[in-house]
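Numbering (this note's numbering), first residue to last: 4 to 119.
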């Protein structure tokens, strides 16, 4: 699977929250070069460090403070219908196990791996 990548630079700027497992990559933490600027808003991207370390797969919005919202901590994950069905089923199963009445938010963004 080939998709564009967002690069986290080396050095202090590259020490992003992603290194601690955050599902958010902020715009000031990425290398905003011509390649990144050419990526369309909403595009699915891989996030990598300059050293090649994989941080995950998410969607990109160059016009937002939170430039990437990660769906997975692995790169090249297929983001397709099956991906979303599985995430929704997991969210529903969790709520069914916790609540005895069906009055709850089905999806809680990052908590269910579906940010945004």
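Cβ coordinates follow ideal geometry from the N, Cα and C atoms, glycine included.
The structure displayed is predicted, hence computed values, not measured ones.
Beta-carbon spacing of residue i, residue j below 8 Å
| i | j | result |
| --- | --- | --- |
| residue 53 | residue 7 | no |
| residue 124 | residue 73 | Look at the range of the chain in this structure, 4 to 119, and you will see that residue 124 is not part of it. |
| residue 84 | residue 117 | no |
| residue 24 | residue 62 | no |
| residue 45 | residue 31 | no |
Span separating the alpha-carbon of residue i from that of residue j
| i | j | result |
| --- | --- | --- |
| residue 48 | residue 26 | 13 Å |
| residue 113 | residue 70 | 15 Å |
| residue 68 | residue 36 | 16 Å |
| residue 5 | residue 102 | 41 Å |
| residue 42 | residue 104 | 43 Å |
Paired residues, beta bridge with residue i - DSSP
| i | result |
| --- | --- |
| residue 110 | According to DSSP, residue 110 bridges with nothing at all. |
| residue 52 | 11 |
Exposed unless 16 or more other CB atoms sit within 10 angstroms - verdict on residue i
| i | result |
| --- | --- |
| residue 33 | buried |
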